[in-house]
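Chemist:
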Amino acid sequence: MRSAIPNPAPANTTRVPDSTDASHSTGASSSPVIVARAVARRFGDKVAVAGIDLAAGPGITGLLGPNGSGKSTFLRCLYGLVRPDAGEIVVAGAKLVGDGVAIRRRAAYAPGEIALYGELPAREHLEWLLRGRGHGALERALALAARLELPMDKRVRSFSHGMKRQLLVCAALAPEVPVRILDEPTEGLDPTKRGQVLEMLFEDASRGTTILLSSHHLGEVDRACARLVFVQAGRILADETTQAVKSRAARVVRLSFVAGADDARLERAMLDLGGATIAWQRRDGELRASVRVAEEPRDWLARFLSLPGLPAPQAIEHGKLSLAELYRELYGVEGC
Amino acid sequence: MLREHRFALWGALAWFFVLEALLVGAILFWPSFEDNIDALRDMAPMESLKGMIDQLEAGGIVAYVNGQHFFKGCNSVGALAAVVFAMGVVAGEAQRGTLEILLARPMSRRRVLSERWIVGALAVALPVYASTHTIPWLLGFIDEDMAHWPLFLSATHQSLFLLALYSATFALSCASSRPMAIGFGMLLFFLAEFSIYLVQTLTHWSVFRLTDIDAFARIMAQHALDPWITLGLVATTAACFELSQHLYARRTP
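Sequence lines, in order, name chains A and B.
FYI, the numbering used here numbers position 225 of the first sequence as 1592, with every residue one higher than the one before it.
FYI, the numbering used here numbers position 13 of the second sequence as 81, with every residue one higher than the one before it.
1. Helix, strand or coil: how does DSSP classify Ser235 of chain B here?
2. Pick from A:Tyr1694, A:Asp1589, A:Ala1541: whose alpha carbon is nearest that of Ala1508 of chain A?
3. Residue ranges of each beta strand (DSSP E) run of no fewer than 3 residues wholly in the stretch 1602-1690 of chain A, ordered along the chain?
4. Would Ala1389 of chain A be called buried (16 or more neighbouring beta carbons within 10 Å of its own) or exposed?
5. If you measure from the beta carbon of Asp1466 of chain A to each beta carbon in chain B, is any gap under 8 Å?
6. Quick one, which residues of the stretch 153-184 of chain B are near chain A if we go by CB-CB under 7 Å, in chain order?
7. To the nearest whole angstrom, what separates the beta carbons of Arg1594 of chain A and Arg1659 of chain A, a pair I think is in contact under 8 Å?
8. Could you name the residues of chain A that Ala317 of chain B contacts, counting a contact when the two beta carbons are closer than 8 Å?
9. On a CA-only basis, which of B:Leu221, B:Gly79, B:Phe238, B:Trp273 is nearest Asp334 of chain B? Give me that one, please.
10. What residue from B:Phe262, B:Pro174, B:Met155, B:Val145 has the CA that sits closest to Thr237 of chain B's CA?
11. Where does Val1596 of chain A sit, in a helix, a strand or coil, going by DSSP?
12. Does any C-beta atom of chain B lie closer than 8 Å to the C-beta of Glu1554 of chain A?
13. Measure from the C-beta of Gly1499 of chain A to each C-beta in chain B and report whether the shortest distance is under 8 Å.
14. On a CA-only basis, which of B:Leu87, B:Pro113, B:Asp106 is nearest Thr125 of chain B? Give me that one, please.
15. Please confirm whether Arg71 of chain B has its beta-carbon closer than 8 Å to some beta-carbon of chain A.
16. Specify, as a first and last residue, the run of the beta strand (DSSP E) that Phe1410 of chain A falls within.
17. CB-CB under 8 Å to Arg1524 of chain A, same chain, minus the five flanking residues each way: which ones, in chain order?
18. Measure the alpha-carbon distance for Ala147 of chain B versus Gln226 of chain B and round it to whole angstroms.
19. For a cutoff of 8 Å on Cβ pairs, would you count Arg1522 of chain A as touching chain B?
20. Give me the subset of the stretch 1468-1490 of chain A whose CB atoms are less than 8 Å from a CB atom of chain B, sorted by chain position.
21. Pairing CB atoms from the stretch 1545-1561 of chain A with CB atoms from the stretch 1439-1455 of chain A, are three or more of them under 8 Å?
22. Please go through the same chain and pick out, in chain order, the residues whose beta-carbon is closer than 7 Å to the beta-carbon of His213 of chain B, but skip the five residues on each side of it.
23. For a cutoff of 8 Å on Cβ pairs, would you count Leu1496 of chain A as touching chain B?
24. Count the C-beta pairs between the stretch 1452-1464 of chain A and the stretch 1408-1425 of chain A that are closer than 8 Å, then say yes if the count reaches three, no if not.
25. Does Asp1520 of chain A come out as helix, strand or coil in the three-state DSSP assignment?
26. Sorted by chain position, which residues of the same chain lie with C-beta nearer than 7 Å to Pro195 of chain B's C-beta, five sequence neighbours on each side aside?
27. Listed from N- to C-terminal order along the chain, which residues in the stretch 1434-1464 of chain A have their beta-carbon within a distance smaller than 9 Å of any beta-carbon of chain B?
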């Protein structure tokens, strides 16, 4: 049994302010730096982006979605790397016209797919990536690389996947531009480096930079982003502040029972206590229930556990959700 | 120095040294060639080759230099160099997946492609001029001489021909993601064209007619470029360049 989906933004209905609108969906008082209106792009029969409206910035906005959801294509559209079939894009006051060079001069980009010139030493590669970014950019990139302890004299071909990712992040964070578009900037990084990169993003955003980043790992971006935009099948599924998402995720309680437990009886009991059962799953010899509750989960659990005649749960969790669980339990759809 | 500039520089140096090595060998061989020209004619397996040797005999050192340096050296190695410099420009980037980081830099597509075209074009053309410039000096070793100006014109004519081939390959690179396929395709094209050149009834269909011994003999004799051929080569190059821009813009974004 599934409850109604709580507060998802219907596809294509995210409110996009016009230039005179002082507030937008994040609640921030400044004008959005990135504005996309009805952006659509298809590749042959496959619809990659199905009409996305988005207004973002300043600050860090996370674009979340499973693989193939259209995040990367949308980011490429924003940066002028992929021409949208329809829609309008304005980044830092520059409209996407022609080949998008006006946007690329006002923004920096880190690609999601890593393909670098392996034969170049890392320092030289940074120089190549930052061509046209002004004299100070290379020095800033080298300083960032030093923080990440990247061996800049070594050839890129000797770098691990994570080190290459860090090199791209350094190149994207170095230019003095108002907008950065980062496609999965923490993908492939170990937890320490991931933390360092997120710290760099914080610092950059604190200087007023608008950062739009994508990820399919909720745990990574909820630390960095003030706002989360959930994408599925090329559409925006929901657009919420991170705090709101966390708050709602905290209201989801997961209970595991032995496989033979009476799920109908358990469900009746949960509903009687004011819980809305979202999903039942039988997996690994267990019966799992995800329940969204209106009150403090501990209180609800205390009342549930005190009910007589019900099987005792083998495990109880609440407040932590993977992206797939978030999609399933908050938005009622399969995301990953 | 950027990687593409370094590739062009080393490539151009290699192309120059190969050309120069061929030239040195050819010029130092001239006295022996002149002495044995009748025997060489008898050994030639095809009428077209015998005809070439007749041309060399009639034209003397000038025709010999034209044949050895421009027709043989520049056409064969130069065509190969033109293909090597152009085939990977976009197709190579697409194949290795680096097209995205190339496009992500804050420069217009046209500028990116134009810069690459210019760097490759210089790498193709400058060695022709440089090696041609050494001809009078090398001829001094065998007590022969040639004027600089007609050699400069011939180098210009040869460079325009190679630039047309380079630009055609460049356009193919902008439409493809398989540089080796382009390279082999162009190689087959050159082989076919050269085969046609050697067949007397078909020779006028070969592009190498534009840069054979006759063509350079006319330039040397008239001390001027043929305006129609020059215009045709420039127009071909310009058309291929614009086609490249169009193809590049279509694939990215």
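We treat Cβ as the ideally placed atom computed from N, Cα and C, and that holds for glycine.
All figures in this text were calculated on a predicted structure; none of them were measured in a lab.
Modeler: So, from the listed chains and residues:
1. Position 167 of the second sequence, counted from the start, is the residue given in the question as residue 235 of chain B. The three-state secondary structure of Ser235 of chain B, taken from DSSP, is helix.
2. For the purposes of this step, residue 1508 of chain A is identified with residue 141 of the first sequence, where counting begins at 1. Here the closest residue by C-alpha is A:Ala1541.
3. 1602-1608, 1619-1625, 1643-1650, 1653-1659, 1682-1685
4. Within the first sequence, residue 1389 of chain A is the residue found at index 22, counting from 1. Annotation note: pLDDT 33 at Ala1389 of chain A (below 50); position unreliable, coordinate value reported separately. Exposed.
5. Numbered from 1 along the first sequence, position 99 holds the residue referred to as residue 1466 of chain A. Yes - at least one Cβ of chain B is within 8 Å of the one on Asp1466 of chain A.
6. Arg164, Gly165, Thr166, Glu168, Ile169, Leu171, Ala172, Arg173, Pro174, Met175, Ser176, Arg177
7. Taking the first residue of the first sequence as position 1, residue 1594 of chain A is located at position 227. Taking the first residue of the first sequence as position 1, residue 1659 of chain A is located at position 292. At roughly 22 Å, the Cβ-Cβ gap does not stay under 8 Å, so Arg1594 of chain A and Arg1659 of chain A are not in contact.
8. For the purposes of this step, residue 317 of chain B is taken as the residue at position 249 of the second sequence. What Ala317 of chain B touches in chain A: Asp1466.
9. Only positions 69 to 321 of chain B appear in the structure, and residue 334 of chain B is not among them; the question remains open.
10. The residue given as residue 237 of chain B occupies position 169 in the second sequence. Of the listed residues, the one whose Cα sits closest to Thr237 of chain B is B:Met155.
11. Against the first sequence, residue 1596 of chain A aligns to sequence position 229. Strand at Val1596 of chain A.
12. On the first sequence, residue 1554 of chain A is found 187 positions in, with the first residue counted as 1. Not a single CB atom of chain B sits nearer than 8 Å to the CB of Glu1554 of chain A.
13. Position 132 of the first sequence, counted from the first residue, corresponds to residue 1499 of chain A. By this cut-off, Gly1499 of chain A is an interface position.
14. Here the question's residue 125 of chain B lines up with position 57 in the second sequence. One point to set straight first is that residue 125 of chain B is Glu, not Thr, in the sequence displayed. The option with the nearest alpha carbon to Glu125 of chain B is B:Asp106.
15. Within the second sequence, numbered from 1, the residue matching residue 71 of chain B stands at position 3. Chain A, which has a Cβ nearer than 8 Å to the Cβ of Arg71 of chain B, makes this yes.
16. Residue 1410 of chain A sits at position 43 when you count from the first residue of the first sequence. Residues 1401-1410.
17. Along the first sequence, read from residue 1 onward, the residue named residue 1524 of chain A stands at position 157. These residues qualify, in order along the chain: Gly1485, Glu1486.
18. Locating residue 147 of chain B in the second sequence gives position 79, counting from the first residue. Locating residue 226 of chain B in the second sequence gives position 158, counting from the first residue. For the pair Ala147 of chain B and Gln226 of chain B, the Cα-to-Cα distance works out to about 10 Å.
19. Locating residue 1522 of chain A in the first sequence gives position 155, counting from the first residue. For Arg1522 of chain A, the answer is no, since every Cβ of chain B falls outside 8 Å of its Cβ.
20. Val1468, Arg1471, Arg1472, Tyr1476, Pro1478, Glu1480, Ala1482, Leu1483, Tyr1484, Glu1486, Leu1487
21. yes
22. To locate residue 213 of chain B, count along the second sequence from 1; it is residue 145. Looking at the sequence itself, residue 213 of chain B is Asp, so the reference to His does not match. Excluding sequence neighbours, Asp213 of chain B sits near Pro204, Leu207.
23. Walking along the first sequence from the start, residue 1496 of chain A turns up at place 129. So, interface residue.
24. yes
25. As a first step, residue 1520 of chain A is located in the first sequence; it is residue number 153 there, counting from the start. The answer is coil: DSSP assigns Asp1520 of chain A none of H, G, I, E or B.
26. By one-based count along the second sequence, residue 195 of chain B stands at place 127. The residues are Ala80, Trp83, Phe84, Leu87.
27. Arg1443, Cys1444, Tyr1446, Gly1447, Leu1448, Val1449, Arg1450, Pro1451
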